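Notes to accompany the following structure.
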Amino acid sequence: MGFVFDSAPEIQHDAICLLKRDTDLSFTPALCTQSHAMIFGENYDALKNLLVLYRGCVDCIYIDPPYNTESTKQDGNDYKSKENISGKFGYRDKFMRTGWLNMLNERLKLAKDLLSPKGVIFISIDDSEQAYLKVLCDEIFGEGNFVGDFIRKTKSTINDAKIGVNYQHEFLLGYAKNKISVNLRGGQKDLSHYTNPDNDPNGAWAADNPSAKSGNLKTGYFGVTNPYTGKIDYPPTGMFWRFSEKTLQKHIESGRICFKKEHAPHKWGFIYKRYLSDLKSTQKTFDSLAFVDNAYMNQAATKELLDLGMAESFNYPKSAAFIQKILLHATSPNSLILDFYAGSGTTGQAVMELNREDGGNRRCILVTSNENNIAKGVMYERIYRICHGVGTKNETFGWTKRNEPFKDQGWEVFKMDRQSLKIDDQQKAENLAKQAEKSFKILRPGFTFESDFDLYHSLSSLKPYK
């Protein structure tokens with residue numbers, strides 16, 4: 001069963017929104033090795049611009065929508081009609097009880113079109129909205145493209161909850177554009193225990209448990225006799241051999257099973273080898289409990305901002321380690337990454353850190369509104385500080401004592417430029433198209449509009465609420 005939404009904000013048919021470069025805020029170092037982008041403004045309008053440039057090109061989207069603020073909980077979902085709502089609820093969508101879902105519905109549909117064939121989107125969410133968001137994403141991306149539900153530990157403190165439940169986690173939902181094309185293995189497994197002390201021609205190996213819980217008495221329970229010591233081994237109670245009597249001799253001949261000439265009485269009389277070549281992949285799987293470590297808690301993210309001299313600037317940040325781990329599994333070294341609820345800019349930091357760590361060349365686009373000066377005062381300030389080693393007002397901070405600034409990284413900054421445009425004003429449309437193409441070429445060098453590009457409909461803006 002899907003959702004039936006209240007009426008959504010209307011498209012304003014006499015206005016468009018264009019990306020316009022902010023030359024004062026943009027910075028490109030002399031020895032720039034990679035350039036990223038920040039966009040200040042309504043993310044719906046930004047997504048429509050990005051679709052012109054990057055439809056089907058984004059490998060990973062991460063968003064942390066404003067689910068955990070009182071204004072979005074109350075104004076988006078709870079209140080049926082309050083005159084003062086429109087001035088409080090961000091991102092312009094001030095409608096009734098399904099407002100929060102409606103806001104995401106429109107944006108996630110655009111996000112889906114941005115994803116590459118192997119692209120994935122990850123969304124942070126808490127328990128109050130997780131069930132609703134999952135149904136919405138099932139509708140947009142398809143139930144069959146659900147990748148997984150990951151758990152992130154948010155805190156380790158114990159509170160005196162009225163009903164006795166100490167809630168310490170929230171969720172990360174993952175969806176694919178096409179699940180068949182997705183591989184979320186990332187990072188190398190520890191293979192140091194694979195060695196070849198006996199010069200086995202099959203290569204490096206590690207001793208493995210020869211027994212398993214699955215099997216049956218007829219084929220999986222029998223004695224294995226050591227020809228040197230005479231010891232007869234049977235599987236432990238309730239267990240079965242991983243091999244049958246028929247395959248036992250084959251394993252002995254191939255070297256997978258070898259007998260010990262000496263062993264303690266309580267030890268197996270043989271070794272069952274797992275070869276390095278048996279592994280389907282040498283990369284780690286993406287475990288659903290990957291984020292239960294304290295390194296991913298809220299306080300870790302707060303400490304990161306404190307280390308940058310920005311401790312009081314943003315509520316509910318996510319840690320760079322959290323997003324970096326997502327990117328490790330969801331991206332390749334040349335991936336394009338998007339965060340259109342960028343908040344404090346953590347995703348930008350995570351991308352640059354991962355590139356430094358693995359030599360990647362990932363590009364990042366951050367989008368956020370400038371409500372409460374978040375875009376310039378928080379997101380931009382954070383990125384500026386970790387790239388320059390000082391703040392925009394030459395402030396110093398502790399992060400530089402333990403980290404090298406990303407002085408080879410450039411960031412282009414854009415703002416959304418709202419322009420009135422009548423459908424029959426062909427001359428103005430041509431002029432605005434030239435302006436748009438100029439900005440687009442900064443983001444994607446060599447870009448040109450298709451001959452049938454329709455500026456009026458492709459970049460039409462949401463009608464603003466007063």
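Just so you know, UniProt numbering puts 352 at position 352 of the sequence shown, and the rest follows in order with no gaps.
Glycine included, C-beta positions come from ideal geometry on N, C-alpha and C.
Predicted model only: the values in this text are computed from it and were never measured.
Practice problem: Could you tell me if ARG402 is buried or exposed, where buried requires 16 or more neighbouring beta carbons within 10 angstroms of its beta carbon? | Solution: Stepping through the sequence shown from its first residue, residue 402 is reached at position 402. ARG402 counts as exposed, since fewer than 16 other beta carbons sit within 10 angstroms of its beta carbon.
Practice problem: Take the Cβ of GLU123 as the centre, count every other Cβ of all protein chains shown within 10 Å, and call the residue buried at 16 or more, exposed below. | Solution: Locating residue 123 in the sequence shown gives position 123, counting from the first residue. Here the sequence assigns Ile to residue 123, which means Glu is not the residue at that position. ILE123 comes out buried.
Quiz item: Comparing alpha-carbon positions, which option in ARG382, ARG55, ASP200 lies nearest TYR272?
Solution: Looking up residue 272 in the sequence shown gives position 272. Considering only alpha carbons, the answer is ASP200.
Practice problem: Would you decide whether GLN249 is buried or exposed? Buried here means 16 or more other CB atoms lie within 10 Å of its CB. | Solution: Position 249 of the sequence shown, counted from the first residue, corresponds to residue 249. So GLN249 counts as exposed.
Self-check item: Counterpart residues of LYS153 in DSSP-defined beta bridges
Solution: In the sequence shown, residue 153 corresponds to position 153, counting from 1. In the DSSP output, where bridge partners are listed per residue, LYS153 has HIS169.
Exercise. Could you tell me the boundaries of the beta strand (DSSP E) in which GLY119 lies?
Key: Within the sequence shown, numbered from 1, the residue matching residue 119 stands at position 119. 115–125 is the span of the beta strand (DSSP E), which, as asked, contains GLY119.
Quiz prompt | Limits of the unbroken alpha helix (DSSP H) element including ALA301 | solution = Taking the first residue of the sequence shown as position 1, residue 301 is located at position 301. Here the alpha helix (DSSP H) through ALA301 covers 298–307.
Self-check item: Stretch-stretch touch, CB-based, cutoff 8 Å, three pairs: the stretch 288–300 with the stretch 261–271
Solution: no
Quiz item: Which residues in the same chain have their Cβ closer than 7 Å to the Cβ of THR392, if we skip the five residues on either side of it in sequence?
Solution: As a working note, residue 392 is residue 392 in the sequence shown. GLU381, TYR384.
Quiz item: Helix or strand or just coil, what does DSSP make of GLY144?
Solution: For this step, residue 144 is matched to residue 144 along the sequence shown. Helix at GLY144.
Exercise. Please report how far the alpha carbon of GLN349 lies from the alpha carbon of ALA342, in whole angstroms.
Key: Reading the sequence shown from its first residue, position 349 is the one you call residue 349. Reading the sequence shown from its first residue, position 342 is the one you call residue 342. Between GLN349 and ALA342, the alpha-carbon positions lie close to 11 Å from each other.
Quiz prompt | ASN84 classed as buried or exposed, judged by whether at least 16 other C-beta atoms fall within 10 angstroms | solution = Here residue 84 refers to the residue found at position 84 when the sequence shown is read from its first residue. At ASN84 the pLDDT is 45, less than 50, meaning the model places this residue with poor confidence; the figure from the coordinates comes in the next sentence. Classification of ASN84: exposed, given that the 10 Å Cβ count is below 16.
Quiz item: Under the DSSP definition of a beta bridge, which residues are partnered with THR195?
Solution: Taking the sequence shown and counting its residues from 1, one reaches residue 195 at position 195. THR195 is bridged to TRP205.
Self-check item: ALA290 to SER214 span [Cα, whole Å]
Solution: As a working mapping, residue 290 is identified with position 290 in the sequence shown. As a working mapping, residue 214 is identified with position 214 in the sequence shown. Each residue's alpha carbon lies about 27 Å from the other.
Quiz prompt | Pair within 8 Å by beta-carbon distance, LEU328 and GLY186 | solution = Position 328 of the sequence shown, counted from the start, is the residue given in the question as residue 328. Position 186 of the sequence shown, counted from the start, is the residue given in the question as residue 186. Closer than 8 Å, so yes.
Exercise. State buried or exposed for HIS457, treating a residue as buried only when at least 16 other CB atoms are found within 10 Å of its CB.
Key: Your numbering for residue 457 matches position 457 in the sequence shown. Label assigned to HIS457: exposed.
Quiz item: Can you check whether the CB of ASP22 is closer than 8 Å to the CB of VAL367?
Solution: Here residue 367 is taken as the residue at index 367 of the sequence shown, counted from 1. Here residue 22 is taken as the residue at index 22 of the sequence shown, counted from 1. No, these two residues do not count as a Cβ contact at 8 Å.
Self-check item: Cross-strand partners of TRP411 (DSSP beta bridge)
Solution: Here residue 411 corresponds to residue number 411 of the sequence shown, with the count starting at 1. Paired residue(s): PHE27, HIS36.
Quiz item: Curious, which full-length alpha helix (DSSP H) runs of at least 4 residues does the stretch 212–269 contain?
Solution: 217–220, 245–254
Quiz item: In the structure shown, what three-state DSSP assignment does ASP64 receive?
Solution: For the purposes of this step, residue 64 is taken as the residue at position 64 of the sequence shown. The answer is coil: DSSP assigns ASP64 none of H, G, I, E or B.
Self-check item: Cβ-based burial, GLN409 [other Cβ within 10 Å; buried from 16]
Solution: Residue 409 sits at position 409 when you count from the first residue of the sequence shown. Per the 10 Å Cβ criterion, buried.
Quiz item: Who are the near neighbours of ASN294 in its chain, counting only those whose CB is closer than 8 Å to its CB and skipping five residues on each side?
Solution: Along the sequence shown, one-based indexing puts residue 294 at 294. Contacts found: LYS153, SER156, ALA300.
Quiz item: What residues in its chain sit with their C-beta under 7 Å from that of PRO236, if we drop five residues either side in the sequence?
Solution: Mapped onto the sequence shown, residue 236 falls at position 236. Around PRO236: SER211.
Quiz item: Are there 16 or more other CB atoms within 10 angstroms of the CB of VAL165, so buried, or fewer, so exposed?
Solution: Here residue 165 refers to the residue found at position 165 of the sequence shown. It counts as exposed.
Practice problem: Please list the segments of the beta strand (DSSP E) lying wholly inside the stretch 369–451, counting only runs of 3 or more residues, in order along the chain. | Solution: 409–420
Quiz prompt | Which listed residue (ALA207, LEU184, ASP190) has its alpha carbon closest to that of ASN196 | solution = Walking along the sequence shown from the start, residue 196 turns up at place 196. Among ALA207, LEU184, ASP190, the Cα nearest to that of ASN196 belongs to ALA207.
Quiz item: According to the neighbour-count rule (16 or more other Cβ atoms, all chains shown, within 10 Å of its Cβ), is THR225 buried or exposed?
Solution: Along the sequence shown, one-based indexing puts residue 225 at 225. It is exposed - the Cβ of THR225 has fewer than 16 other Cβ atoms within 10 Å.
Exercise. Look at the Cβ atom of LEU19, then the Cβ atom of ILE39, and state whether they are nearer than 8 Å.
Key: For this step, residue 19 is matched to residue 19 along the sequence shown. For this step, residue 39 is matched to residue 39 along the sequence shown. Yes; because the gap between Cβ atoms is below 8 Å, this pair is in contact.
Self-check item: Assigned exposure category for THR282 - 16 Cβ within 10 Å defines buried
Solution: Taking the sequence shown and counting its residues from 1, the one referred to as residue 282 is at position 282. Exposed.
Practice problem: Under the assumption that ILE61 contacts LEU114 (Cβ atoms under 8 Å), give the Cβ distance between them as a whole number of angstroms. | Solution: On the sequence shown, residue 61 is found 61 positions in, with the first residue counted as 1. On the sequence shown, residue 114 is found 114 positions in, with the first residue counted as 1. Yes, they are in contact, since the Cβ atoms of ILE61 and LEU114 sit about 7 Å apart, within 8 Å.
Practice problem: State the Cα-Cα distance for the pair LYS303 and ASN159, rounded to the nearest angstrom. | Solution: Along the sequence shown, one-based indexing puts residue 303 at 303. Along the sequence shown, one-based indexing puts residue 159 at 159. The alpha-carbon atoms of LYS303 and ASN159 are separated by roughly 21 Å.
Quiz item: By Cβ distance below 6 Å, which residues in the same chain neighbour LYS189 in space, the five residues on each side in sequence not counted?
Solution: If you number the sequence shown from 1, residue 189 lands on position 189. Answer for LYS189: THR282, LYS284, listed in chain order.
Exercise. Consider the Cβ of ARG356: report whether some Cβ of chain D lies at a distance smaller than 8 Å.
Key: No chain D is present in this structure, which holds just one protein chain.
Exercise. Name the two residues that bound the continuous alpha helix (DSSP H) containing ILE337.
Key: Counting from one through the sequence shown, the residue named residue 337 turns up at place 337. Not the alpha helix (DSSP H): ILE337 falls in the beta strand (DSSP E), residues 336–339.
Exercise. Please determine, among GLY345, GLY119, ARG55, ASP126, the residue with the shortest C-alpha to C-alpha distance to ILE151.
Key: Here residue 151 refers to the residue found at position 151 of the sequence shown. When only C-alpha atoms are compared, the closest one is ASP126.
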